[in-house]
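Q:
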Amino acid sequence: MSEEDNIYEYQDKFQINPELQKKFEQIKNKIDKFKKEAVKKHKEIIGIALLPNVSPLRFSSYMDAGVKKDEKLEEENKDKINLLVLVDDQNKKEMFELKHNITKSAQEIAKGVDENFLVKVKLIFEIKEDCFDGRYEFLQLISLGAIFYDPNEFLAGIKVSEIHKNMVIKKFDKYIFSYIAAGSLFRGDKKSNDIDVYIIVDDTDVKRMSRYELKERLRGIILSYGAEASRIAGVKKQFHVQTYILTDFWEAVKDAHPVMFTFIRDGVPLYDRGMFMPWRLLLKMGRIRPSPEAIDMQMDVGEKMLERTRFKLLSVVGEDLYYAILNPAQAALMLYGVNPPTPKETISLMRDIFVKKEKLFMEKHVKLLEDVRGFYKNIEHGKLKEVSGKQIDDFLNRSKEYLKAIKGLFDTLQKQKDRENVDNLYESCNALIKDLLNVYKVDGEIEQEFRKLVNRNEVPKKYMEIYKKVKETKSKRLSKAENDKTAREARIFLKSIAEFIQRKREYELERVRVRVKYGNKYGDVYIFGNDVFVIEDIDAKEKTVSKANIKDGRLKDISKSSIEDFEKFTKNVKIHSRVFIKEKLVEDLKGIFGKDIEIMIGY
379 MSEEDNIYEY QDKFQINPEL QKKFEQIKNK IDKFKKEAVK KHKEIIGIAL LPNVSPLRFS
439 SYMDAGVKKD EKLEEENKDK INLLVLVDDQ NKKEMFELKH NITKSAQEIA KGVDENFLVK
499 VKLIFEIKED CFDGRYEFLQ LISLGAIFYD PNEFLAGIKV SEIHKNMVIK KFDKYIFSYI
559 AAGSLFRGDK KSNDIDVYII VDDTDVKRMS RYELKERLRG IILSYGAEAS RIAGVKKQFH
619 VQTYILTDFW EAVKDAHPVM FTFIRDGVPL YDRGMFMPWR LLLKMGRIRP SPEAIDMQMD
679 VGEKMLERTR FKLLSVVGED LYYAILNPAQ AALMLYGVNP PTPKETISLM RDIFVKKEKL
739 FMEKHVKLLE DVRGFYKNIE HGKLKEVSGK QIDDFLNRSK EYLKAIKGLF DTLQKQKDRE
799 NVDNLYESCN ALIKDLLNVY KVDGEIEQEF RKLVNRNEVP KKYMEIYKKV KETKSKRLSK
859 AENDKTAREA RIFLKSIAEF IQRKREYELE RVRVRVKYGN KYGDVYIFGN DVFVIEDIDA
919 KEKTVSKANI KDGRLKDISK SSIEDFEKFT KNVKIHSRVF IKEKLVEDLK GIFGKDIEIM
979 IGY
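Numbering (our numbering), first residue to last: 379 to 981.
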């Protein structure tokens, strides 16, 4: 099926069917009347939609997940009109009591308008929980329905995402690992200007193309589907699609990148093959290494909780005071490079690292941490029944001094960390430029030779500017914001140059590669002048690699090698512009691959 056929198929599928369209025209005024009364009475209602005419029992099963799979469903009642009422349960403690009250009220309003109205109330919380549990049937109903009231375009967001998701999965089922809705709309923010979805593409089993090529090919088609899905759904908000390959995404998750942290924390899976929910649970368990965002948040906790201690009962005072002291200490240790410690470990680590080793902190502040922990534990275990105001005031006064000291410690560590990051980035940039110069077989002073490549338009000029900024940052004292900006640009530099080197090397290797087909297998022969590498089965997980020399047109000194040796050799070898294959060499290849071989040209 062509791309155009695929789009037409989904356009037909997700347009309101003629039967629903006819019913839509007939009852439009009645639904408008119902909407006006219901919304006026309940400000929490943020969506009303006419859904496809499925049987009342099946409709209830989609809404409440309360019908067993083996339970016999009654026949469709064509007179019933299925109405969805979507309720914003954000910041509502008694959400299910809210649902009960709105359900009762909405059904009474519906009964007064039309006896055939079958009204079901759904909380945003319930829609998200269905998705977390892998139940996506209700999303399909929304995508096929007619929306009557949707001020925040939450229902429209589901509709366009569902249309796009089905397009993408049908086209690339093997490669789509997860399809996640995220951003302010799906988080429940009332002020949301766009609809954000993220697609994770599985690149772990790619054989015929590079991961970069896979990402670019799929992303282009996926984005085009996004524009078409927006047109079909008729949404007003911008529909943004972000595509990640699994290997890059995993690296970002391991580093707890703030974007990925927020994405996993707030995202809602509209389709998942077992990746998203485990990472979400790991994040909740604290098993993902803290990011700078998390560390900054820990620092803020101290003062906020310290302020609250003045106004709470004894147990709450003890708990808040304890964590007001503990959290910044753990943040400082994490910034130093220590894995998140237990509360008990925090005290000894603070003393050993910052008091004794680094001499950046005072013993009296660690003693406060010990005293407050003992105070909290005595309250928790029921050993402390009363506490005097004088004792609390003493703790608070010492805590203020403590927080001031730990802020100074944090600032010192942050400056050291920023300096280390800049130094590491500078060394990484130099190492990568050296690799780039090796690709061009250039030897000389790194910056000078890199500038020559830029002047010959081999490399975009902006990368020279980024490199200069990183170099200047190494010798200057910049603000944290300036350091962060340079670091972001340096990471773009590293990623872009690495991809450029990969493409350049792949292109050069193509010039010296001879592909051999034998039976149902494929092998590669790389000829570098007199040096030859043979990869017997390119699709095998454990590849067999041999190395040989060409003497008098024949393969000589054949020995066992490895992919690592091959990559190390190709990193520095000079690529010849032409490769000639003589009859003797073909005979030797038959000895490796078998007599029945085919030499493939331009494959």
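All C-beta atoms, glycine included, are put in the ideal place defined by N, C-alpha and C.
(1) Just to confirm my understanding: we take S608, look at its own chain, exclude 5 residues before and 5 after, and list those with CB closer than 6 angstroms. What are they?
(2) When you compare each of M587, V923, K548, L933 to S939 by their alpha carbons, which one comes out closest?
(3) How would you call F532, buried or exposed, if buried means at least 16 neighbouring beta carbons within 10 angstroms?
(4) Whole beta strand (DSSP E) runs in the segment 502 to 530 with 3 or more residues, listed along the chain?
(5) Tell whether a beta-carbon distance below 8 angstroms holds between Y557 and I536.
(6) Have a look at the DSSP bridge pairing and note the partners of K929.
(7) What residue range is occupied by the uninterrupted beta strand (DSSP E) comprising M740?
(8) For my contact list, L648 and Y514 are in at a C-beta cut-off of 8 angstroms; report their separation, rounded to the angstrom.
(9) I need the boundaries of the beta strand (DSSP E) containing Q620, first residue and last residue.
(10) Quick check on M587: does DSSP put it in helix, strand or coil?
(11) How should L699 be labelled, buried or exposed, when 16 other C-beta atoms within 10 angstroms of its C-beta is the threshold for buried?
(12) Within 10 angstroms of its Cβ, does V637 collect 16 or more other Cβ (buried), or is it exposed?
(13) In the DSSP output, which residue or residues are listed as bridge partners for Y464?
(14) Using only the alpha-carbon positions, how far apart do I547 and Y603 sit?
(15) Do you know how far the Cα of F510 is from the Cα of K946?
(16) According to the neighbour-count rule (16 or more other Cβ atoms, all chains shown, within 10 Å of its Cβ), is A709 buried or exposed?
(17) Whole angstroms are fine: how far does the CA of V465 sit from the CA of L426?
(18) Would you kindly report the start and end of the unbroken alpha helix (DSSP H) that includes S483?
(19) Compute the beta-carbon to beta-carbon distance between L624 and D580, rounded to the nearest angstrom, for a pair I have assumed lies under 8 angstroms.
(20) Hey, could you find the ends of the alpha helix (DSSP H) R651 is sitting in?
(21) Shortest alpha-carbon distance to D467 belongs to which of G490, R834, L501, V497?
(22) Who are G901's beta bridge partners in DSSP?
(23) In angstroms with no decimal places, state the Cα-to-Cα distance between L933 and E836.
(24) Which whole-angstrom value describes the C-beta separation of S777 and L746, a residue pair presumed to lie in contact below a C-beta threshold of 8 angstroms?
(25) Rounded to a whole number of angstroms, what is the C-alpha to C-alpha distance between A416 and L563?
(26) Where does D448 sit, in a helix, a strand or coil, going by DSSP?
(27) Is it the case that the Cβ atoms of I824 and I811 are separated by a distance below 8 angstroms?
(28) Can you give me the start and stop residues for the beta strand (DSSP E) that A560 sits inside?
(29) State whether the segment 767 to 775 contacts the segment 717 to 736, with contact taken as three or more CB pairs (one from each stretch) at a distance under 8 angstroms.
(30) Distance check for D492 and N407, CA to CA, integer angstroms please.
(31) From this set, N861, V499, E877, Y701, which residue's C-alpha is nearest F474's C-alpha?
(32) Buried or exposed for Y701, going by 16 or more other Cβ atoms inside 10 Å?
A: For this structure:
(1) Sequence index remark: in the sequence shown, residue 608 carries index 230 (1-based). Excluding sequence neighbours, S608 sits near V538, F617.
(2) Numbered from 1 along the sequence shown, position 561 holds the residue referred to as residue 939. Out of M587, V923, K548, L933, V923 has the C-alpha closest to the C-alpha of S939.
(3) Mapped onto the sequence shown, residue 532 falls at position 154. Per the 10 Å Cβ criterion, buried.
(4) Runs of beta strand (DSSP E) with 3 or more residues, each lying fully within the segment 502 to 530, are found at 524 to 527, listed in chain order.
(5) Locating residue 557 in the sequence shown gives position 179, counting from the first residue. Locating residue 536 in the sequence shown gives position 158, counting from the first residue. No, the Cβ-Cβ distance between Y557 and I536 is not below 8 angstroms.
(6) Counting from 1 along the sequence shown, the entry for residue 929 is found at position 551. Its beta-bridge partners are R932.
(7) Position 362 of the sequence shown, counted from the first residue, corresponds to residue 740. Per DSSP, M740 belongs to no beta strand (DSSP E) and is neither H nor E.
(8) Against the sequence shown, residue 648 aligns to sequence position 270. Against the sequence shown, residue 514 aligns to sequence position 136. Contact between L648 and Y514 holds, with the beta-carbon distance rounding to 7 angstroms and staying under 8 angstroms.
(9) Translated into positions along the sequence shown, residue 620 becomes position 242. Q620 -> beta strand (DSSP E) spans 616 to 623.
(10) Counting from 1 along the sequence shown, the entry for residue 587 is found at position 209. In this structure, M587 counts as coil in the three-state DSSP scheme.
(11) Mapped onto the sequence shown, residue 699 falls at position 321. Classification of L699: buried, given that the 10 Å Cβ count is 16 or more.
(12) Counted from its first residue, the sequence shown places residue 637 at position 259. The residue in question, V637, is exposed, as its Cβ has fewer than 16 Cβ neighbours within 10 Å.
(13) Sequence index remark: in the sequence shown, residue 464 carries index 86 (1-based). The amino acid at residue 464 is misidentified as Tyr; the sequence shows Leu. The partner list for L464 (beta bridge, DSSP) reads G425, K500.
(14) As a position in the sequence shown, residue 547 is number 169, starting the count at 1. As a position in the sequence shown, residue 603 is number 225, starting the count at 1. A straight line joining the alpha-carbon of I547 with that of Y603 spans about 11 angstroms.
(15) Looking up residue 946 in the sequence shown gives position 568. Looking up residue 510 in the sequence shown gives position 132. Here the alpha carbon of K946 sits roughly 45 angstroms from the alpha carbon of F510.
(16) To locate residue 709, count along the sequence shown from 1; it is residue 331. A buried status is given to A709, since no fewer than 16 other beta-carbon atoms sit within 10 Å of its beta-carbon.
(17) Within the sequence shown, numbered from 1, the residue matching residue 426 stands at position 48. Within the sequence shown, numbered from 1, the residue matching residue 465 stands at position 87. It is Ile, not Leu, that sits at residue 426 in the sequence shown. Cα-Cα distance, rounded: 9 angstroms.
(18) Your numbering for residue 483 matches position 105 in the sequence shown. Start and end: 473 to 491.
(19) Sequence index remark: in the sequence shown, residue 624 carries index 246 (1-based). Sequence index remark: in the sequence shown, residue 580 carries index 202 (1-based). Approximately 5 angstroms separates the beta-carbon atoms of L624 and D580; this is inside 8 angstroms, confirming the contact.
(20) Counted from its first residue, the sequence shown places residue 651 at position 273. Careful: R651 lies outside any alpha helix (DSSP H) and carries neither H nor E.
(21) By 1-based counting over the sequence shown, the position of residue 467 is 89. Among G490, R834, L501, V497, the Cα nearest to that of D467 is on L501.
(22) Looking up residue 901 in the sequence shown gives position 523. Answer is V894.
(23) The count along the sequence shown starts at 1 and reaches residue 933 at position 555. The count along the sequence shown starts at 1 and reaches residue 836 at position 458. Near 37 angstroms, if we compare the C-alpha coordinates of E836 and L933.
(24) By one-based count along the sequence shown, residue 777 stands at place 399. By one-based count along the sequence shown, residue 746 stands at place 368. About 7 angstroms; that satisfies the 8 angstroms criterion.
(25) Translated into the one-based positions of the sequence shown, residue 416 becomes position 38. Translated into the one-based positions of the sequence shown, residue 563 becomes position 185. If I take the Cα positions, the gap works out to 23 angstroms.
(26) On the sequence shown, position 70 is the one that residue 448 refers to. Residue placement at D448 is flagged as unreliable, the pLDDT there being 41, under the threshold of 50; a coordinate-derived value is accordingly withheld.
(27) Position 446 of the sequence shown, counted from the first residue, corresponds to residue 824. Position 433 of the sequence shown, counted from the first residue, corresponds to residue 811. Taking a C-beta distance under 8 angstroms as the contact criterion, I824 and I811 qualify as a contact pair.
(28) In the sequence shown, residue 560 corresponds to position 182, counting from 1. Its beta strand (DSSP E) spans residues 554 to 560.
(29) No: fewer than three Cβ pairs fall under 8 angstroms.
(30) Translated into positions along the sequence shown, residue 407 becomes position 29. Translated into positions along the sequence shown, residue 492 becomes position 114. Near 11 angstroms, if we compare the C-alpha coordinates of D492 and N407.
(31) As a first step, residue 474 is located in the sequence shown; it is residue number 96 there, counting from the start. Checked all of N861, V499, E877, Y701; the closest Cα to F474 is V499.
(32) Here residue 701 is taken as the residue at index 323 of the sequence shown, counted from 1. The residue in question, Y701, is buried, as its Cβ has 16 or more Cβ neighbours within 10 Å.
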